[in-house]
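Engineer:
There are 4 protein chains.
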Amino acid sequence: MKQKTLTRKEREREFKRSEILNAAIQIFAMKGFKAATLDEIAEKSEFGKGTIYNYFSSKEEIYKEIILLILKEHKKSIKEVYNETDTLYDFILNTTKRDLIFCLENKEAFFLLVFTKMHHEKSTKCEMSKIMNGCEKEITSLIIKRTKLAIKNKEIRKLDSERIIRLFKISGFAYIYDLLINENLCEATIEEEAKFITDILFNGIKFKK
Amino acid sequence: MKQKTLTRKEREREFKRSEILNAAIQIFAMKGFKAATLDEIAEKSEFGKGTIYNYFSSKEEIYKEIILLILKEHKKSIKEVYNETDTLYDFILNTTKRDLIFCLENKEAFFLLVFTKMHHEKSTKCEMSKIMNGCEKEITSLIIKRTKLAIKNKEIRKLDSERIIRLFKISGFAYIYDLLINENLCEATIEEEAKFITDILFNGIKFKK
Amino acid sequence: MKQKTLTRKEREREFKRSEILNAAIQIFAMKGFKAATLDEIAEKSEFGKGTIYNYFSSKEEIYKEIILLILKEHKKSIKEVYNETDTLYDFILNTTKRDLIFCLENKEAFFLLVFTKMHHEKSTKCEMSKIMNGCEKEITSLIIKRTKLAIKNKEIRKLDSERIIRLFKISGFAYIYDLLINENLCEATIEEEAKFITDILFNGIKFKK
Amino acid sequence: MKQKTLTRKEREREFKRSEILNAAIQIFAMKGFKAATLDEIAEKSEFGKGTIYNYFSSKEEIYKEIILLILKEHKKSIKEVYNETDTLYDFILNTTKRDLIFCLENKEAFFLLVFTKMHHEKSTKCEMSKIMNGCEKEITSLIIKRTKLAIKNKEIRKLDSERIIRLFKISGFAYIYDLLINENLCEATIEEEAKFITDILFNGIKFKK
DNA sequence: CATGAATGAGAATTCATTCAT
DNA sequence: CATGAATGAATTCTCATTCAT
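Chains V, G, Z and W, in that order, give the protein sequences.
Number 96 in this note's numbering belongs to position 24 of the first sequence; there are no gaps in the numbering.
Number 164 in this note's numbering belongs to position 92 of the second sequence; there are no gaps in the numbering.
Number 220 in this note's numbering belongs to position 148 of the third sequence; there are no gaps in the numbering.
Number 150 in this note's numbering belongs to position 78 of the fourth sequence; there are no gaps in the numbering.
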């Protein structure tokens, strides 16, 4: 492990970087890339404007780093759930739960993701798109694998995998989106919300005799 | 009807206004409010920069007008479907279909809505937020009414109306979002996609003996 | 006399020109050359913006023409008084009276003069300065002549002519300026004010036994 | 006294502010508020355009600050003379002298005052007018007091105080104005000019046996 | 390293002038 | 001639980035 090479100084530097990133994530999420200003980030992070340039080469770099951090985090989370579960049901339930927790803790991060995905703020995307797409593909391929297995195991109906994934991503995304927009989400309800989403996805809303 | 009183000149003016709005909608949807520039809007609309100010008093005004147009359009569409259908199933199927068509034809408009909803670009929202929220509430109340009826008629299970609406908005929104992002949507598949979404919402993905 | 060559058309044209000038003088006096806009002049004159360009080649030309009109008017007035009076006292009394009347009727014109004299709005002055200076010199030389005569005739003390003129111009100018600024001037008081000014100039304010 | 607390930085900042104000005063006096451009002010002050906005929030703010500085300076000067003199004659002689010196040193400042007083450039005046009027009133009340005393003491004839003040303001203002316009004023002549003005105001120009 | 003053490229907006009708 | 829509040069103001301290 390389982390130990340069100790105090290095750790301090790393800590300050993350302070800046944390400040930036809030500003970016609140205003978007273009409307966010370095003055605001500087103020929020309690550093001088110039100092930030000792840690990042540009506003854009800060943005990119944030996006990639969030994505990696998300990928890691999905992978963990994948390894810890057997059925698609459990996989979706747990992923959803995790997503909800993540969003609750990182509302800004979530908004940023949606923001960036939407092809907005073109300037930033050139190289980043590739990395983002790479991440997404890894995630998608995991879910596809699990979905196909579920079909084979007769856990779910025989449906187009791609579409189910889209619906799954919906579950873990748009629902959350709406919750966040309307600010109804609280820790207490996470478990329940996750179950509701998964239940509907599996059983539908139709009345059954 | 007064619309016909002021003819040529008036109609021409109206036409040019809409030309500008059409150009602006694309730029705004692609870049967001802040990052979009009037130079771009001017170029895309093939007018001089100054000309735009003969039709709109500011960049912000253009933005507002666009958002409100889209919202009204959407509300109208929902209302029509509401009046034309009896069951929740038909209502959702048709709304979804309509949304898909609308999004296919107005990809930019759709992005703009999401963009604006996300509480970004604060400056613009002061008065607009109210109007937007008003629109949303009207739409939501329609869906709630229909949902409650469906529960009473045993068309669907007894579930929390608010949550179903959230899921419904998901169906007609996030799925579309994903389709658009990945640019897989074409006219041919609209009918099919709408049925798929509605089917899953009603029946779930679970395997049934 | 050439005035009669082109009749109706010509007279109409001349009339419209003066309509525009009258509108312009008010706007210019109220806002200054730069801050006045052609839109305002067009609106006040009740012509289309384009029409104005059928009568004047530029905003600047309108301005110049106005200034010169006012100056000529003023010169003419001074000359008339010069010819109608014998003593310096009468000359100053009457000139002051006339100036007061003129200012009362053309508050804007007066402001414009001061404005322009003050070397402001440089752009306009290149050629105009010469004409203005020419006008001033004519006026000054008249007053000097009359002043020297007054000294010779023992009407006034033996004082530097140039300075007296400066003081005289003061009487007819700064006092008026102050009156106008504070808007106390009315027709009723003109005679009285003129007498007051001339009295002080001749007799001073000192108490006499 | 707090002035010494924040040293180097603070003093430097104050110095630069005044550099900008000095540059601005010249441009404004030469061109007026509207016609003066920030590019010119930036060039004259030898700062970048953006730098100016680190010291003032807008062009208008610079203008206001200048006007108020000049007015305060003038008021202070009048008050000092008031306290140092007993007779009206001395008061006027000294005020005139001071005004002449001030104008010689601050030709631009003087022009600006006249400019602003003339009710031009409306936009700027809303709040400022009040402050300016307040200043004027203080000054006027001082002169009125002194004038009334002079009448009581039989230093001067029994004349309308208000009018004398108007004439006094003339002495110290229009004469200067004319001197400045024609650029004849030099230090050597100040004493003499002040005496001349005061002499005429007190004794008049009439020949006496 | 930390800082924030300085900077200028770039954005929104205004307005004199042109020109097609 | 009369008009006002179209235009872009010019202006104010913002902000990412640099750099001297």
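C-beta atoms are modelled at their ideal positions from N, C-alpha and C, and glycine is treated no differently.
Please name the residue, chosen from V/ILE277, V/GLU180, V/ILE97 and V/THR167, that lies closest to V/LEU214 on a Cα-to-Cα basis.
Structural biologist: Selected option, being the one with the closest Cα: V/THR167.
Engineer: Assuming the contact rule is C-beta atoms closer than 8 Å, W/GLU152 and W/ALA101 should be a hit. Round their C-beta distance to whole Å, please.
Structural biologist: So it is not a contact: roughly 25 Å between Cβ atoms.
Engineer: Out of V/THR270, V/GLU234 and V/ASP232, which one is the CA nearest neighbour of V/TYR247?
Structural biologist: If we check each option's Cα against that of V/TYR247, V/THR270 comes out closest.
Engineer: With distances taken Cα to Cα, identify the nearest neighbour of W/ILE203 among W/LYS217, W/THR188 and W/ILE216.
Structural biologist: It is W/THR188 whose Cα lies nearest to the Cα of W/ILE203.
Engineer: Please classify G/GLU84: is it buried, with 16 or more other beta-carbons within 10 angstroms of its beta-carbon, or exposed?
Structural biologist: With fewer than 16 Cβ atoms within 10 Å of its Cβ, G/GLU84 is classed as exposed.
Engineer: Determine which residues of the region 91 to 107 of chain G have a Cβ less than 9 Å from any Cβ of chain V, and write them out in chain order.
Structural biologist: Cβ contacts with chain V come from ALA101, MET102, LYS103, GLY104, PHE105, LYS106 and ALA107.
Engineer: Residues of chain Z with a CB under 9 Å from the CB of W/GLY276: which are they?
Structural biologist: Residues of chain Z passing the Cβ test: ILE228, ARG229, ASP271, ILE272, LEU273, PHE274, ASN275, GLY276, ILE277 and LYS278.
Engineer: What residues are listed by DSSP as bridge partners for W/ILE228?
Structural biologist: Note: W/ILE228 sits in a beta bridge opposite Z/LYS278.
Engineer: I believe Z/ALA96 touches Z/THR159 by the beta-carbon criterion, under 8 Å. Please report the beta-carbon distance rounded to the nearest angstrom.
Structural biologist: Not confirmed; about 40 Å, so no contact.
Engineer: Would you kindly report the start and end of the unbroken alpha helix (DSSP H) that includes Z/LEU93?
Structural biologist: 80 to 103 is the span of the alpha helix (DSSP H), which, as asked, contains Z/LEU93.
Engineer: What residues in the region 125 to 158 of chain W bring their beta carbon closer than 7 Å to a beta carbon of chain Z?
Structural biologist: Answer set for the region 125 to 158 of chain W: empty.
Engineer: Beta-carbon separation of W/ILE277 and Z/PHE279 under 8 Å?
Structural biologist: Not in contact: W/ILE277 and Z/PHE279 (Cβ atoms no closer than 8 Å).
Engineer: For G/ARG238, return the contacting residues in chain V, with the cut-off set at a CB-CB distance below 7 Å.
Structural biologist: What G/ARG238 touches in chain V: TYR247 and ASP250.
Engineer: Would you mind working out which of Z/ILE173, Z/LYS224 and Z/ARG238 sits nearest Z/THR261, comparing C-alpha positions?
Structural biologist: When only C-alpha atoms are compared, the closest one is Z/ILE173.
Engineer: In its own chain, which residues sit with a C-beta less than 6 Å from the C-beta of Z/GLU263, not counting the 5 before and 5 after it?
Structural biologist: So no residue of the chain qualifies.
Engineer: Would you call W/ALA266 buried or exposed, if buried means 16 or more other Cβ atoms sit within 10 Å of its Cβ?
Structural biologist: By the 10 Å Cβ count, W/ALA266 comes out buried.
Engineer: Roughly how many angstroms lie between the CA atoms of V/ASP250 and G/ARG238, to the nearest whole one?
Structural biologist: Distance between the alpha carbons of V/ASP250 and G/ARG238: 7 Å.
Engineer: Which of the three DSSP states is assigned to W/LYS106 in this structure?
Structural biologist: Coil.
Engineer: Run the CB neighbour count on Z/SER117, radius 10 Å, all protein chains shown included, and call it buried at 16 or more, exposed below.
Structural biologist: Its Cβ being crowded by 16 or more others within 10 Å, Z/SER117 is buried.
Engineer: Any beta carbon of chain V sitting closer than 8 Å to that of G/LYS241?
Structural biologist: Answer yes: the Cβ-Cβ gap between G/LYS241 and chain V drops below 8 Å somewhere.
Engineer: What does V/GLU235 reach in chain G if we use C-beta pairs closer than 7 Å?
Structural biologist: Rather than Glu, the amino acid found at residue 235 of chain V in this sequence is Arg. Here the neighbours are PHE268.
Engineer: Nearest CA to the CA of G/LYS217: which residue from G/SER233, G/GLY206 and G/CYS207?
Structural biologist: Among G/SER233, G/GLY206 and G/CYS207, the Cα nearest to that of G/LYS217 is on G/SER233.
Engineer: Distance check for V/THR123 and V/GLU137, CA to CA, integer angstroms please.
Structural biologist: Approximately 17 Å between the Cα atoms of the pair.
Engineer: Taking the alpha-carbon of Z/GLU210 as reference, which of Z/LEU231, Z/GLN98, Z/LYS131 and Z/SER149 has the nearest alpha-carbon?
Structural biologist: Cα-wise, what sits closest to Z/GLU210 is Z/SER149.
Engineer: Using a threshold of 8 Å, state whether the C-beta atoms of Z/LYS106 and W/GLY104 are closer than that.
Structural biologist: It is a contact, given that the beta carbons lie within the stated cut-off.
Engineer: Roughly how many whole angstroms lie between the Cα atoms of W/ILE134 and W/PHE128?
Structural biologist: The straight-line gap from Cα to Cα measures roughly 6 Å.
Engineer: In this structure, how does DSSP classify V/THR157 when only helix, strand and coil are distinguished?
Structural biologist: V/THR157 falls in the coil class under three-state DSSP.
Engineer: Note down the Cα distance separating W/ASN94 from W/SER201, rounded to an integer number of angstroms.
Structural biologist: Each residue's alpha carbon lies about 22 Å from the other.
Engineer: Please go through the same chain and pick out, in chain order, the residues whose beta-carbon is closer than 7 Å to the beta-carbon of W/ILE142, but skip the five residues on each side of it.
Structural biologist: Only ALA181, LEU184 and LEU185 meet the Cβ criterion.
Engineer: Could you please give the first and the last residue of the uninterrupted alpha helix (DSSP H) stretch that includes G/TYR126?
Structural biologist: Correcting the residue type first, residue 126 of chain G is Asn in the shown sequence and not Tyr. From DSSP, the alpha helix (DSSP H) with G/ASN126 extends over 121 to 127.
Engineer: Which same chain residues, not among the five before or five after V/LEU165, have their C-beta less than 8 Å away from its C-beta?
Structural biologist: Excluding positions up to five away in sequence, the list reads ALA266, LYS267 and THR270.
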